[in-house]
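Counted from 1, the sequence shown has number 85 at position 85 by UniProt numbering; the numbering is strictly sequential. Just so it is clear, CB atoms sit at the ideal spot from N, CA and C, and this is done for glycine as well. Scroll down for the structure; my scribbles are underneath it.
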Amino acid sequence: MAHHHADDASGYDVARIQAKWQAVWDELKPFSTSDPDDTRPRKYVLDMFPYPSGDLHMGHAEAYALGDVIARYWRQQGFNVLHPIGWDSFGLPAENAAIKRGVDPRGWTYDNIEQQKRSMKLYAASFDWDRVLHTSDPEYYKWNQWLFLKLYEKGLAYRKDSWVNWDPVDQTVLANEQVLADGTSERSGAMVVKKKLTQWYFKITDYADRLLDDLNQLEGSWPSKVLSMQRNWIGRSVGADVDFMIEGRDTPLTVFTTRPDTLHGATFMVVAPDSELAAELVAGSTPEVQAAFADYLAEVQKNTEIERQDATREKTGVFLERWAVNPVNGERVPIWSADYVLADYGHGAIMAVPAHDQRDLDFARKFGLPVRVVVDTNAPITGAIPVIVDGQMPEDLPPLDPGGTGVALHGDGRMINSGPLDGLSKSNAIHRMTELLEAAGTGRAAKNFRLRDWLISRQRFWGTPIPIVHGENGELVPVPEDQLPIELPPTEGLDLAPKGTSPLGGAEEWMAVANPVDGSPARRDPDTMDTFVDSSWYFLRFLNPHDDARAFDPAEAEKWAPVDQYVGGVTHAILHLLYARFITKVLFDLGYVTFTEPFSALLNQGMVLMDGSAMSKSKGNLVRLSDQLEEHGVDAVRLTMAFAGPPEDDIDWADVAPHASAKFLARAWRLAHDVTSSPDVDWKTGDATLRRVTHHLLADAPGLIEGFKFNVVVARVMELVNATRKAIDSGPGAADAAVREATETVALTLSLFAPYAAEEMWEALGYPPPIALYGWRKADPTLLVAESVTCVVQVDGKLRDRIEVSPRATPAELEAQARALPAIVRTVGDREIAKVIVRAPRLVNIVTR
């Protein structure tokens, strides 16, 4: 074999190598999982599937590089790995792009899918290309409709009119989860407004407790940040429902409170102005109140929920001239309406305890309402009671006068002014009051959740049609299963422009349909489903994506699911993950799956930035993936993504060096062409020093990969390449068995990150493809015992020299060796040695006077 200079990369032609191996892999299908007789243990590795807008971008490049390391690693460890890919191809961006260009969203969508598919094949992610799905195919969305009908049968899909989040730009409703913290739409960025509409919901609140409690199963295998975001979003609070009778109304008004212990301090009530309750109470009041309330409601509707929840805002409200009766003391309490109470919190009404709640206190002081203290925050819960001198409390205790100070009392203490609760601590009082309410029939223990039901209907064309027919008398009739899928009509003659009602309503022929029950004239539901329905169960469709008979085969789900490792961005920490968890629990209850959590482990990759900020055309800092692949090659881009740092950290493309990765890969490739020994050489005859470096990598890489320390593994491969190059050029030479063993280990490790270079090296080393299906090699434990370690020698804590010593050297031996070193003799000079600190075998520190 010809010898080349160390870094001579002539012949390492990236474009040629990519084209050559793509063709081979297409033919071999090394990542297919369709052999029913495969006896290997199974793993399911899934990357969040992409949305087909334009070509793949740098964010995709990172996610697929990292997910692929994991899939390839488990194959090396002897697993049959299911690693599928598909497209989340319904939704607004396709529709908006189609409107802008005056084309059918289908054409735009499927053209983009073809483009992305070509890029993915080039990118060499180890997908099983026989299992591809697109959520906009009728073969897929038929099963969204089936799922909807299953939820409908169970009472988990229902229709109601209520105040909803409306995106004024995209002209469609949004689920609560799609409204950002600042009140804008996650999609269009517009300020979301409230609108009253009749919409379809999934009853996710029925599963709130399970969605919260089951997060405990995921501790340690999901990022803790994601677990706490889910917990906060579900937002369980525990307390009591309390019934207040309202004068002139038969049914009581129920309020939820986390502090039933403070009921004796409730001096007024507040109902949300946009609640049905407020409208009902006002209707029974005076014309003056009705007029004042109408004006107030109009003002309130101009504000976002975020603004309404701002505690620092000036309080506003209207007295409804209606009264309730406090169930614990029979007092009449006035009912007000004010915008700091939201219609969808609890029952849309609160009991106000101004002495112990700052917002209630601000309101009470503005409108001159009574403030009654019921918790003595000066009374200690434990320990000695303060000494009372001349009937006076000690000077330094704060006064219990929130009405005067304007500061609500939030601390714990003992109950006062509360009849049977006096003297109890908070937790005892809550428990006792709940018992008293239950005994009197005026209240009961209850839970409240921040989570609201999932609004799934959208007023847009490009989504799954809802499988419900509206009869002549307004009755809702589910479409029989054998009539699915209800396919979208062609777009010819349809105006897709957003206008607040679904464009489907304009497809007259499509809308008019016979009632499945009696054949009478009826109309289809014109709305489509939120695309988060499509992605809530897609991981199951991958198990048999071409099955016409059912959504998925429970036997296959038993074999493969749940997903062992899920990889994707943290942007879906609430939305998608919460919905997929909910649908999985529903499918469990329906008997289709035997597990309750869809994704056993989750890896969130960071973002790819440029010059410190997110890439965008408008900022002029957009880096095109296609340009990077063209310039540096696929392997270099993939290796750079893995080497940049821990996967969850953001990568700034300005700070990384794909050209250096390309150069390194050429050096690795050159090693394989320099090896002159044959594949059957006995490695044990090779150079021991190089073999040690090789076997340390073999021993450490699995733990590092499983701990997602991909960057450390890349650094270790670089170290091994350097050691191998040194052995060829100035050591035992290219024919040494250890050089072959090391080079094969480089190729096997690189196959996780840089599949083209690895395959090319493997061929040069004399093996048939694909390298991806060769197992990882076990390290030889005898080579892991260190022959020598570096001992640092200091004088007065400053590094002066290093010596190579046996790991078993005694402190006395180390001290003698250190004192004899010329550098140490020189540094100490004629100073007196006070003491010598030895930490065998790694440190000797000589301390002088």
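Status (buried if at least 16 other CB within 10 Å, exposed otherwise) for residue i
i: Gly-411; result: exposed
i: Lys-798; result: exposed
i: Asp-635; result: buried
i: Ser-185; result: buried
i: Ala-6; result: Any reading at Ala-6 needs caution, since the residue's pLDDT is 44, under 50, leaving its predicted position unreliable; the model's value is listed next. Looking at its Cβ environment, which holds fewer than 16 other Cβ atoms inside 10 Å, Ala-6 is exposed.
i: Gln-116; result: buried
i: Arg-72; result: buried
i: residue 852; result: In the structure as shown, the chain begins at 1 and stops at 849. Residue 852 is therefore absent and cannot be evaluated.
i: Pro-287; result: exposed
i: Arg-524; result: buried
i: Leu-784; result: exposed
i: Ile-833; result: exposed
i: Val-173; result: buried
i: Val-825; result: exposed
i: Asn-216; result: exposed
i: Glu-177; result: buried
i: Ala-557; result: buried
i: Pro-646; result: exposed
i: Ala-384; result: At Ala-384 the pLDDT is 48, less than 50, meaning the model places this residue with poor confidence and gives no usable figure here.
i: Gly-346; result: buried
Cβ pair residue i, residue j closer than 7 Å
i: Val-45; j: Ile-70; result: yes
i: Arg-638; j: Ala-65; result: yes
i: Trp-669; j: Arg-42; result: no
i: Phe-542; j: Arg-131; result: yes
i: Val-847; j: Val-838; result: no
i: Ile-728; j: Ala-735; result: no
i: Met-433; j: Met-351; result: no
i: Phe-453; j: Tyr-201; result: With the sequence shown as reference, residue 453 is identified as Asp, and Phe is not the correct amino acid for it. For Asp-453 and Tyr-201, yes; Cβs fall inside 7 Å.
i: Val-164; j: Val-179; result: no
i: Gly-633; j: Ala-662; result: yes
i: His-83; j: Ser-126; result: yes
i: His-264; j: Val-328; result: yes
i: Thr-267; j: Pro-105; result: no
i: Glu-804; j: Val-836; result: no
i: Thr-135; j: Asp-534; result: yes
i: Phe-643; j: Asn-722; result: no
i: Val-567; j: Asp-47; result: yes
i: Arg-802; j: Val-792; result: yes
Paired residues, beta bridge with residue i - DSSP
i: Pro-478; result: Ile-468
i: His-134; result: Trp-87
i: Ser-415; result: Here residue 415 turns out to be Met, not Ser, going by the sequence shown. Answer by DSSP bridge pairing, in chain order: Val-375.
i: Asp-47; result: Val-567
i: Pro-841; result: Paired residue(s): none; Pro-841 is not in a bridge.
i: Gln-794; result: Leu-799 and Asn-845
i: Ile-99; result: According to DSSP, Ile-99 bridges with nothing at all.
i: Ile-350; result: Val-270
i: Arg-236; result: Phe-449
i: Glu-804; result: Thr-790
i: Asn-604; result: Gly-568
i: Arg-458; result: Thr-528
i: Ala-512; result: Arg-523
i: Lys-835; result: Val-847
i: Trp-323; result: Pro-334
i: Glu-219; result: Trp-222
i: Ala-614; result: Leu-609
Rounded distance between the beta-carbons of residue j and residue i, thought under 8 Å
i: Pro-260; j: Leu-437; result: 7 Å
i: Asp-376; j: Gly-413; result: 5 Å
i: Ala-240; j: Gly-419; result: The pair is not a contact, with the Cβ atoms about 17 Å apart (cut-off 8 Å).
i: Val-373; j: Pro-399; result: Actually they do not touch by this definition, with Cβ atoms about 10 Å apart.
i: Ser-600; j: Val-656; result: Their Cβ separation, rounded to whole angstroms, is 31 Å, which puts Ser-600 and Val-656 out of contact at 8 Å.
i: Tyr-158; j: Lys-203; result: 7 Å
i: Glu-610; j: Val-593; result: One point to set straight first is that residue 610 is Met, not Glu, in the sequence displayed. Their Cβ separation, rounded to whole angstroms, is 42 Å, which puts Met-610 and Val-593 out of contact at 8 Å.
What residue ranges within the region 620 to 674 form continuous alpha helix (DSSP H) runs of no fewer than 4 residues, ordered along the chain?
-> If we require 4 residues or more, the alpha helix (DSSP H) runs fully inside the region 620 to 674 come out as 625 to 632, 634 to 643 and 658 to 674.
Secondary structure, beta strand (DSSP E): runs of 3+ residues fully inside the region 137 to 202 = Within the region 137 to 202, the complete beta strand (DSSP E) runs of at least 3 residues fall at 157 to 167, 172 to 174 and 193 to 202.
Entirely within the region 243 to 288 and at least 4 residues each: give me those alpha helix (DSSP H) ranges in chain order.
-> Complete alpha helix (DSSP H) runs here, min 4: 276 to 283.
Which ranges would you report for the alpha helix (DSSP H) in the region 521 to 577 if only whole runs of at least 4 residues count?
-> If we require 4 residues or more, the alpha helix (DSSP H) runs fully inside the region 521 to 577 come out as 531 to 534, 538 to 541 and 554 to 560.
Which full runs of the alpha helix (DSSP H) of 4+ residues lie inside the region 16 to 87, going along the chain?
-> Runs of the alpha helix (DSSP H) spanning 4 or more residues and lying entirely within the region 16 to 87 occur at 58 to 76, in chain order.
Whole beta strand (DSSP E) runs in the region 703 to 789 with 3 or more residues, listed along the chain?
-> Unbroken beta strand (DSSP E) runs of no fewer than 3 residues, entirely contained in the region 703 to 789, are not found.
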